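**Q** My questions will all concern the structure given below.
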Amino acid sequence: MQFKLLIASAFFAASASAITGKLGDAAVITDNPAGASYVATLPSNGTVTGSAKFSSTGNGTGVEVSIDFKGFKGATGPYAYHVHDQPVPADGNCNGTLAHLDPYQRGQADPCDPKYPATCEVGDLAGKHGKIPNSNGSTLEVYLVFVDNYISTKRGIGAFVGNRSIVIHNSAGGRIACANLTTVGVRSPSTPSPSGGGPISPSSGASALTVSGLFGFAAFMVAVLAL
Ligand SMILES: [Cu+2]
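Here the sequence shown stands for residues -18 to -1, 1 to 209, numbered as in mature numbering (1 follows the signal peptide of the UniProt record, and there is no 0).
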């Protein structure tokens, strides 16, 4: 009897603290199509410029995200960034992208715990992989590469990113930059992938850090430019 009570109380404690979507935890996507790739290129006249590229991994599990963002001058971080549900409307207003990509209906009221990425909103990339550090008003350039197992390059599922957008926020949640994800194309699986740092390697002798994505956090390489 006492044993049963202990089990019951442990169960309730666990469910009270578990934050996940109404539809459960996000699924790891293991069948992303080979070679599929999408890029969001930020407007060249914005507070933040650069791009974020989303590509299928070699084994179809997860999506490799390669980010090169520059700017942030005058803005206050740390800066969150997300995949938002809708594309940017023709007028460029980032508010038109609506909320984060959230096919499991988790909501954003409770912050994502990066130790449990399946419980986070699928589009909450900063929640799962870390925010971009504050530039304290200076210009910042950030390269980062990580694998996210819950977003997808597979059309027709809720986690698909290809018809959506990426939004960068200031510390107050304001939307300081946004861009649509558009297709880069599908490489033949037999075509060798470029090796090395890929298309978003920095050009000035520094190298981008690549993280396997196994640990949930991306590594950042941040350069504060003398501007
Ligand atoms: Cu956002």
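The beta-carbon is built from N, C-alpha and C at its ideal position, and this holds for glycine as well.
Please read all numbers here as calculations on a predicted model, not as lab measurements.
1. With 16 other CB atoms within 10 Å as the buried threshold, where does S177 fall?
2. Quick check: the Cα distance between I1 and P71, rounded to an integer number of angstroms?
3. Tell me whether V143, by its Cβ, gets closer than 7 angstroms to a heavy atom of ligand 1.
4. Taking 8 angstroms as the limit between beta carbons, can you name the residues of its chain near G56, skipping five residues before and five after?
5. Residues bridged to K4 by DSSP?
6. Determine the direct distance from the alpha carbon of A81 to that of V10, and round the result to whole angstroms.
7. Which residues count as close to ligand 1 when the rule is a CB under 5 angstroms from any of its heavy atoms, in chain order?
8. Pull the bridge partners of E46 from the DSSP assignment, please.
9. Can you tell me whether G32 is helix, strand or coil according to DSSP?
10. Cutting at 8 angstroms between CB atoms, please list the residues of its own chain near P99, excluding the five before and the five after it.
**A** To lay it out plainly:
1. If you number the sequence shown from 1, residue 177 lands on position 195. The predicted position of S177 is uncertain, since its pLDDT is 44 and thus under 50; a value taken from the coordinates is nonetheless stated next. For S177, the number of other beta carbons within 10 angstroms of its own is below 16, and it is reported as exposed.
2. Taking the sequence shown and counting its residues from 1, the one referred to as residue 1 is at position 19. Taking the sequence shown and counting its residues from 1, the one referred to as residue 71 is at position 89. One C-alpha to the other measures close to 32 angstroms.
3. The residue labelled residue 143 in the question sits at position 161 within the sequence shown. Checking every heavy atom of ligand 1 against the Cβ of V143, none is found closer than 7 angstroms.
4. In the sequence shown, counting from the first residue as 1, residue 56 sits at position 74. Around G56, the same chain offers T29 and G119 as residues with beta carbons nearer than 8 angstroms, after the five sequence neighbours per side are excluded.
5. Start at 1 with the first residue of the sequence shown, and residue 4 comes out as number 22. For K4, which the question treats as bridged, DSSP gives no partner whatsoever.
6. Position 28 of the sequence shown holds residue 10. Position 99 of the sequence shown holds residue 81. Spanning the two alpha carbons is a distance of roughly 21 angstroms.
7. Listed by chain position, these are H64 and V149.
8. One-based indexing of the sequence shown puts residue 46 at position 64. Answer by DSSP bridge pairing, in chain order: S37 and V129.
9. Here residue 32 refers to the residue found at position 50 when the sequence shown is read from its first residue. DSSP places G32 within a strand segment (E or B) once states are collapsed to three.
10. Here the question's residue 99 lines up with position 117 in the sequence shown. Sequence-distant Cβ neighbours of P99 in its own chain, meaning closer than 8 angstroms and more than five residues away, are A8, K110, D130, N131, Y132 and G198.
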